[in-house]
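Below: one structure, written as structure tokens.
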């Protein structure tokens, strides 16, 4: 029992020592750390999930970026093709303009050469006429001389004294008849030779004139073909634009279709439900629409970089002014338009507006325009 008591006492001491030690605190701290570890592990799991989701999104985004880059590359390739096409068209247009200029220059030279050849042919023909007259005169003199010689019979030739006497008489008569052309035969041969040479020259000139006429015919044919090509294209654009502006029909008309350069060009139009009219029979607004349709048709066929329009919508009602403003706004994508106008249809579509007012003493002044405010201009 004493031994048991000793052991129990020792156990109590040890329990007291354990109770007084830091083990409970460490255990509590360890539990807290374990809780933090569990929390951190949960956070790590969440982060792994977030990373996985981000990686998935990244893959999707990279795939989208690749698609966009591929599309951009395709668009850039198309853009390069369009630029090359534009460059080719511009080069072709420049070549055609240069060729047209060369054709015009050649045509002028050909016409000048033709006129010179005509003058040369006329001069040669005049010279030929003069030579023919000279030849006829010489032939007449030769005939007269041959007739005079042919009247003598060889058997009736007088003796020497009679011949000398006759020669003296004839010399006296010849002196009385002077001047007589004693070189008629030589002159005739010379004139005949000159006439033959002039005939050869005439043949050469006629051949050259025929070649020039052929070249002129070729140039005229090319000129007509070029004109008709432009005319047909502008007529097609005119029909489309006039129908858009007036809800009617219109067309261009050549007064002489066989030779368009010997006749004029007229416009036949039928605005809306009205009958077909010539330009000089239309109202002011109809004339404006028709003229604008013609100008815009030319612009569509052969665009210029700059256009200036001065109150072209002055005679139009609000609806037609709006149609014209819409078309000008559309065409402004290809060229710069400077328009003088009082109409809202133009001002609302302008990229920049400059106001001009009349100050005292009739002095014009430039002022700004606020297009953001509500309101309708007085003329509309």
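Residue numbers (the numbering used here): 6 to 385.
Heads up, the beta-carbon is just placed ideally off N, CA and C, and yes, glycines get one too.
All values reported here derive from a predicted model rather than from experimental measurement.
CA-to-CA distance, residue j to residue i, given in whole angstroms
i: residue 42; j: residue 60; result: 26 Å
i: residue 111; j: residue 102; result: 14 Å
i: residue 229; j: residue 266; result: 8 Å
i: residue 339; j: residue 306; result: 12 Å
i: residue 299; j: residue 203; result: 56 Å
i: residue 138; j: residue 199; result: 13 Å
i: residue 357; j: residue 242; result: 29 Å
i: residue 33; j: residue 39; result: 10 Å
i: residue 57; j: residue 76; result: 28 Å
i: residue 167; j: residue 178; result: 16 Å
i: residue 125; j: residue 206; result: 10 Å
Rounded Cβ spacing between residue i and residue j (contact assumed at less than 8 Å)
i: residue 328; j: residue 250; result: 5 Å
i: residue 272; j: residue 257; result: 6 Å
i: residue 291; j: residue 280; result: Residue 291 to residue 280, Cβ: 12 Å. No contact.
Classification of residue i by the beta-carbon crowding that lies within 10 angstroms, buried from 16 upward
i: residue 113; result: exposed
i: residue 82; result: exposed
i: residue 381; result: Legend: pLDDT at residue 381 = 45, less than 50; position of this residue unreliable, no value from coordinates given.
i: residue 237; result: exposed
i: residue 369; result: exposed
i: residue 289; result: exposed
i: residue 217; result: buried
i: residue 371; result: exposed
i: residue 343; result: exposed
i: residue 297; result: buried
Within 8 Å, strictly: CB atoms of residue i and residue j
i: residue 348; j: residue 318; result: yes
i: residue 210; j: residue 91; result: no
i: residue 255; j: residue 235; result: no
i: residue 247; j: residue 295; result: yes
i: residue 221; j: residue 115; result: yes
i: residue 311; j: residue 332; result: no
i: residue 196; j: residue 140; result: yes
i: residue 309; j: residue 326; result: no
i: residue 284; j: residue 304; result: no
i: residue 366; j: residue 346; result: no
8 Å Cβ cutoff, residue i in contact with chain D
i: residue 79; result: Checking the listed chains, one finds no chain D in this structure; it contains a single protein chain.
Inset, instruction - Any chance you could list the alpha helix (DSSP H) runs of at least 4 consecutive residues sitting entirely within the segment 223-251, in chain order? - result: For the segment 223-251, not a single whole alpha helix (DSSP H) run of length 4 or above is found.
Inset, instruction - Would you mind listing the beta strand (DSSP E) stretches within the segment 308-339 that are 3+ residues and don't spill past its ends, in chain order? - result: Runs of the beta strand (DSSP E) spanning 3 or more residues and lying entirely within the segment 308-339 occur at 311-315, in chain order.
Inset, instruction - Kindly provide the ranges of any alpha helix (DSSP H) runs that are 4 or more residues long and lie completely inside the segment 41-102, ordered along the chain. - result: none
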